[in-house]
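Trainee: Each residue of the sequence shown is one higher than the last, beginning at 18 in the numbering used here.
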Amino acid sequence: MAHPKRRQSSTRQAKRRTHDKAVAPTLAVCPNCGAYYVYHTVCPTCGYYRGKVAIKKEDEVAE
């Protein structure tokens with residue numbers, strides 16, 4: 018296996034790592050209840066996805 022002959026400078030190391038940061042997920046507003054949720058997922062508050070009930074929430078069943 019290859020080994021480096023010289024140590025890589027901290028500047029060069031930092032340049033390589035500039036793209037390794039974590040990205041915050043994009044949030045959307047639920048048209049049904051107004052809560053924020055991650056795109057392309059079921060709303061955790063009301064259980065709707067694209068205008069249809071995807072998951073029956075416990076709150077709605079109890080009522």
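Where is the CB? At the ideal position from N, CA and C, for every residue including glycine.
(1) Would you please verify whether the beta carbon of T43 is less than 9 Å from any beta carbon of chain B?
(2) Name the DSSP beta bridge partners of A45, please?
(3) With distances taken Cα to Cα, identify the nearest neighbour of C50 among T62, T43 and A19.
(4) Kindly indicate the opening and closing residues of the alpha helix (DSSP H) around A39.
(5) What separation, rounded to the nearest whole angstrom, lies between the Cα atoms of A31 and R23?
Mentor: Taking the structure as given:
(1) The chain labelled as chain B is not found in the depicted structure, where only one protein chain is given.
(2) Y54
(3) T62
(4) Here A39 belongs to no alpha helix (DSSP H), and DSSP marks it neither H nor E.
(5) 17 Å
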